[in-house]
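Enquirer: Heads up, the sequence shown is in this note's numbering, so the first residue is 16 and it goes up one at a time.
No residue lacks a Cβ here, since even glycine has one placed at the ideal position from N, Cα and C.
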Amino acid sequence: MEKREFRRLVKERSKAISEEQKQSKSRAVVEQLRWLLSQREASVVALFAPMADEVQIGELCRELAKSGRCRVVLPRGLDMGPSAEMEFFDYMPSQMAEGAYGILEPQGEQVCPASDIDVMIVPGVAFDRTGGRLGRGK
């Protein structure tokens, strides 16, 4: 099955899930992420600002940033063309602004080198059994 067809199938199945079920599943994923992060000594954690149809991790972002336990960074797109690139910047809830595709992005100036990131949580349309990610295909 081609990626485009698989994305369509996943989107179709996702529409069949009620909003209540999506919220419940999102909360369960966030709890699992909390547990996973508690098992790691991470100085820098890269997260993402969720789109409406993704796992809602905003509370986790705010919680980690407020705790001071680690540096929290989020991506900011530099070029959203075919060779999309991004850099990671410090997350500060008061300094987020809408960027490409309506996704909230950090507005700080302090770039975090990718080599400094200990843990990265990424969104995806679907994942295979080995952790391979299927993105949106934009």
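Considering residue 35, what are the terminal residues of the alpha helix (DSSP H) in which it resides?
Expert: It spans 34-53 - the alpha helix (DSSP H) in which residue 35 sits, taken as one unbroken run.
Enquirer: By how many angstroms is the C-alpha of residue 84 removed from the C-alpha of residue 69?
Expert: 25 Å
Enquirer: When DSSP labels each residue in this structure, what does residue 31 get in the three-state scheme?
Expert: coil
Enquirer: Nearest to residue 65 by alpha carbon, out of 129, 29, 41 and 130?
Expert: Of the listed residues, the one whose Cα sits closest to residue 65 is 41.
Enquirer: Could you have a look at residue 25 and say whether DSSP puts it in helix, strand or coil?
Expert: helix
Enquirer: Closest to residue 78 by C-alpha separation, out of 137, 112, 32 and 52, would be which residue?
Expert: When each option's Cα is compared against that of residue 78, the closest is 52.
Enquirer: Give the single residue among 141, 146, 144 and 137 whose Cα lies nearest to the Cα of residue 63.
Expert: 137
Enquirer: Excluding sequence positions up to five away, which residues of its chain have a Cβ less than 8 Å from the Cβ of residue 75?
Expert: The answer, listed in chain order, is 45, 48, 49 and 62.
Enquirer: In the structure shown, what three-state DSSP assignment does residue 78 receive?
Expert: helix
Enquirer: Taking the alpha carbon of residue 21 as the reference point, which residue from 147, 117 and 141 has its own alpha carbon closest?
Expert: 141
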